[in-house]
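Heads up, the thing below is written out as structure tokens.
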Amino acid sequence: MPKNTGWTTTSVPTDLAERIESFVNSKEGKKLGYTSKTGFIADALREKLDELTGESKKQQTKLEDKMNEMNNEIITIQKMLIEKLENNITKKTKSFKSSHFQVISKENDHFILKDNIKNKIADVAIQKGELFCQLCEENNCVHVGFLFSLPDVYEKLEKKLTKTV
Ligand SMILES: [Zn+2]
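Heads up: the sequence shown is residues 3 to 167, going by our numbering.
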């Protein structure tokens, strides 16, 4: 067992070893503080490893960027889906609005409407040849308007009014 000196031995190609040797002994090498091949090799290897490790870090960053990009795309798609859902809900709400009123009963010239917004019952009757809402005490309220929008009511009313006239 070799004793632990903090160093290990590795083979280096002869031509490379010669180049290192001459560099270390050159003015340039001495200026940089190299005193032996070993020091230079250790330094060069450290630098190379740092470079490679840094490179792998860069690649990791690239991967993270790519993932963020994909996440953003997913978020965009999610937003689109949510918008679409919201649009559908709005459409449904709109169609619900038209069913805010329910005809509970229609008898001759008397209509009972359920007002789902106000949660009240509107009693609309034909008085003096026109529809009159007992709830609003007027002949031009939303309830009267709603009754006019119903084809069968309108038809019935038209007949009734024609008879009255
Ligand atoms: Zn009314």
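Yeah, the Cβ is synthetic: ideal placement off N, Cα and C, and Gly gets one too.
Checklist entry - Taking the alpha-carbon positions, what's the leucine 87 to lysine 116 distance? => result Approximately 30 Å between the Cα atoms of the pair.
Checklist entry - Identify the residues that DSSP records as bridge partners of aspartate 125: which are they? => result Within the DSSP secondary-structure output, aspartate 125 pairs in a beta bridge with Ile114.
Item to check | Alpha carbon of arginine 21 to alpha carbon of asparagine 73, nearest angstrom | outcome: For arginine 21 and asparagine 73, the distance between alpha carbons rounds to 51 Å.
Item to check | Nearest candidate by alpha-carbon position, reference histidine 102, set Lys122, Val126, Ser24 | outcome: Ranking Lys122, Val126, Ser24 by Cα distance to histidine 102 puts Lys122 first.
Next on the checklist: Taking contact to mean 3 or more Cβ pairs, one atom from each stretch, closer than 8 Å, check whether the region 143-154 and the region 123-133 are in contact.
Outcome noted: Cβ pair count under 8 Å is three or more, so yes.
Checklist entry - If you draw a straight line from the alpha carbon of alanine 19 to that of serine 28, how long is it in whole angstroms? => result So the alpha carbons of these two residues sit roughly 14 Å apart.
Item to check | Option in Val155, Asp125, Glu23, Glu160 with minimal Cα separation from leucine 41 | outcome: Checking the sequence, you will find glycine at residue 41 rather than leucine. Closest option to glycine 41, Cα to Cα, is Glu23.
Item to check | Separation of tryptophan 9 from glutamate 30, as counted between CA atoms | outcome: Straight-line Cα distance between these residues: approximately 26 Å.
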